[in-house]
Amino acid sequence: MGSRVVASPPPPSNVVLDVDGCLTIGGAAVPGASEALRSIQRLGIRCVIATNNSTRSPHHVARRLGTVLGVAVPPESVVTSAMAAVSLLGPEHDPALVIGEEGIRTALAEAGIAATDDADAARSVIVGLDRRFDYDTLSRAARAAASGAALIATNDDPTFPSVGPDVPGAGALLAAVEAASGQRATVAGKPHAAMMRCVAALLDPGVTWMVGDRAETDVAFARAGGWFAVLVLSGITVAADLITEQWTPDLVIPSVADLPALLGQ
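Start counting the sequence shown at 1155; every next residue gets the next number (the working numbering).
Written as structure tokens, this is what we have:
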């Protein structure tokens, strides 16, 4: 499939890269992703990894990318939706009831906020992707949120890219908690403000490119930041005609493998 190309893409000072569906799928590297990342590094462009996947800590994400792509990624250049969600919490939200995995719990520990399974004690509920999610977990989270605990979501992506059909994402679990509790969550991850603050703090002055695979998340995030939006067709979005007019990107490319040519490599 060909690319939709603007006349002269502005050369970036920063490139913000999504992970799942962009650099990796199902734990394996997207073909050409390693060279794309190396090209960004060779050119001295500031690279930030911004993922809505809340299951892993930044150190885990960096280590995994290093193993899968064979390219060193500094953990301090990784922003996760778990970090963004925890950035919304203060002492008044301690302790937090967690629907999620290691990434959220690590972020809470680093912020000095305890995790609890006690719905009556919880002063906040954080909902992320949790592959052990069950009815008891839903019941406790809904009870806490309905009783006044702040409801925070790492992201509201309904699906998650996988080899083969997409699988349920954090947004699917969030929908169940919202329906059962009657409460609406504050969402932290892309394209929302908490994630924007976390990513923007790492950027150098100048033009920023956002590269990702989900228009309503990654393109919307670029629009919120006033950035150049590059949509890849290797993950959730698999064809240009699936893109809605509301989230039309500046550029559509088959995959991140096409990035080096755009950067003059």
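Built from N, CA and C at the ideal position, the CB exists for glycine as well.
For residue i, which three-state DSSP category applies?
i: Ser1278; result: strand
i: Asp1372; result: helix
i: Asp1404; result: coil
i: Ile1179; result: strand
i: Gly1366; result: strand
i: Val1215; result: helix
i: Pro1422; result: Residue 1422 lies beyond the range of the chain shown here (1155 to 1419); nothing can be said about it.
i: Ser1157; result: Confidence at Ser1157 is low in this model, with a pLDDT of 47, below 50, so its placement is unreliable and the value that follows should be read with caution. Residue state, collapsed to three classes: coil.
i: Ile1258; result: helix
i: Ala1265; result: helix
i: Thr1113; result: In this structure the chain extends from 1155 to 1419, so residue 1113 is not present and cannot be described.
i: Ile1194; result: helix
i: Asp1412; result: helix
For residue i and residue j, I'd like the C-alpha separation in whole angstroms.
i: Leu1116; j: Val1384; result: The structure shown has nothing for residue 1116, since the chain only spans 1155 to 1419.
i: Val1159; j: Val1406; result: Since pLDDT at Val1159 reaches only 45, below the 50 mark, its modelled position is unreliable, and the value read off the structure follows with that caveat. The alpha-carbon atoms of Val1159 and Val1406 are separated by roughly 7 Å.
i: Ala1304; j: Asn1168; result: 34 Å
i: Ala1250; j: Asp1404; result: 39 Å
i: His1346; j: Glu1370; result: 11 Å
i: Pro1426; j: Ala1239; result: Missing from the structure shown is residue 1426; the chain here goes from 1155 to 1419 and no further.
i: Glu1255; j: Gln1400; result: 33 Å
i: Ala1393; j: Asp1174; result: 17 Å
i: Ala1333; j: Val1225; result: 42 Å
i: Thr1209; j: Gln1195; result: 26 Å
i: His1214; j: Val1321; result: 22 Å
i: Pro1163; j: Pro1359; result: 17 Å
i: Leu1327; j: Ala1216; result: 26 Å
i: Thr1391; j: Asp1172; result: 13 Å
i: Val1386; j: Gly1186; result: 12 Å
i: Gly1366; j: Pro1414; result: 15 Å
i: Asp1288; j: Thr1221; result: 32 Å
i: Glu1230; j: Met1237; result: 12 Å
Indicate whether residue i and residue j have their beta-carbon atoms separated by less than 7 Å.
i: Ser1193; j: Thr1260; result: no
i: Pro1315; j: Gly1389; result: yes
i: Val1170; j: Ala1204; result: yes
i: Val1202; j: Val1353; result: yes
Starting from the Cα of residue i, find the closest Cα among the options and give me that residue.
i: Arg1285; options: Ala1354, Asn1207, Val1202, Ala1411; result: Asn1207
i: Ala1330; options: Phe1375, Ala1216, Asp1172, Thr1291; result: Thr1291
i: Pro1166; options: Leu1177, Arg1196, Arg1200; result: Arg1200
i: Asp1248; options: Leu1396, Val1279, Asp1395; result: Val1279
i: Ala1299; options: Val1252, Gly1323, Thr1313; result: Val1252
i: Ala1273; options: Arg1351, Gly1220, Ser1335, Leu1396; result: Ser1335
i: Ala1265; options: Asp1271, Val1353, Leu1242; result: Leu1242
i: Val1233; options: Ala1183, Ala1268, Leu1356; result: Leu1356
i: Leu1219; options: Ser1293, Ile1179, Val1281; result: Ile1179
i: Ala1275; options: Gly1302, Ala1263, Met1349, Leu1262; result: Gly1302
i: Ser1235; options: Met1349, Arg1294, Leu1262; result: Met1349
i: Leu1416; options: Arg1294, Trp1363, Ala1374, Asp1372; result: Trp1363
Does residue i have its Cβ less than 7 Å from a Cβ in chain B?
i: Ala1347; result: The question asks about chain B, but that chain is absent: this structure has only one protein chain.
Would you check if there are 3 or more beta carbon pairs closer than 8 Å linking the stretch 1339 to 1348 to the stretch 1305 to 1316?
Taking one beta carbon from each stretch, the stretch 1339 to 1348 and the stretch 1305 to 1316 have 3 or more pairs nearer than 8 Å; the two touch.
When the Cβ atoms of the stretch 1375 to 1384 are set against those of the stretch 1180 to 1194, are three or more pairs found closer than 8 Å?
Contact fails between the stretch 1375 to 1384 and the stretch 1180 to 1194, because fewer than three Cβ pairs, one in each stretch, are under 8 Å apart.
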